[in-house]
Amino acid sequence: MENIQELTYKEATHKFRVAHAIGTSRFEYSMPCIILKELPNNRAKVLVFGYHTRKVELCDGAKRIRYVSKERLIKLNSEVSIPPNPKGIGYP
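Going by numbering that gives the first Met the number 0, 90 is the number at position 91 of the sequence shown; the sequence numbering is gapless.
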């Protein structure tokens with residue numbers, strides 16, 4: 000495995016599905032990520048790129064490690080997709 004500091008969003012293998020609820024509105028989007036390790040109980044340790052309010056290309060290398068359910072991960076180039084946020088926030 001490469002050094003985590005050297006990895007970029009262009010090397011992402013999956014997308015991490017995220018949803019935000021503000022009042023009665025619900026915003027769904029996805030963020031590029033790389034699975035670092037598979038954990039017990041259907042979880043994974045992933046390196047997530049970007050911020051939820053900005054496109055990943057504008058985030059200047061923002062990344063963080065998260066522990067998430069594997070059900071929230073989508074392999075890139077799969078047939079499942081998340082519609083883009085209607086207000087333009089997030090990732091298409």
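Positions of the beta carbon are idealized from the N, C-alpha and C atoms, including for glycine. All of these numbers come straight from a predicted model, not from anything done at the bench.
Just mark residue i as buried or exposed, buried being the case when its beta carbon has 16 or more other beta carbons within 10 Å.
{"i": "PRO31", "result": "buried"}
{"i": "SER29", "result": "buried"}
{"i": "LEU46", "result": "buried"}
So the beta strand (DSSP E) residue i belongs to, where does it begin and stop?
{"i": "LEU28", "result": "Correcting the residue identity first, residue 28 is Tyr in this sequence and not Leu. TYR28 -> beta strand (DSSP E) spans 24-38."}
{"i": "ARG42", "result": "42-48"}
{"i": "LEU72", "result": "72-74"}
Given this structure, state the Cα-to-Cα distance separating residue i from residue j, to the nearest angstrom.
{"i": "LYS36", "j": "PHE26", "result": "28 Å"}
{"i": "ARG16", "j": "LYS44", "result": "14 Å"}
{"i": "THR12", "j": "ILE34", "result": "7 Å"}
{"i": "THR7", "j": "SER68", "result": "22 Å"}
{"i": "GLY22", "j": "LYS9", "result": "34 Å"}
Quick check: is any heavy atom of the ligand COA less than 7 Å from the C-beta of residue i?
{"i": "THR23", "result": "Here there are no bound small molecules, and the ligand COA is not part of this structure."}
In the DSSP assignment, what residue or residues form a beta bridge with residue i?
{"i": "TYR66", "result": "LYS44"}
{"i": "LYS14", "result": "PRO31 and ILE73"}
{"i": "ALA20", "result": "ARG25"}
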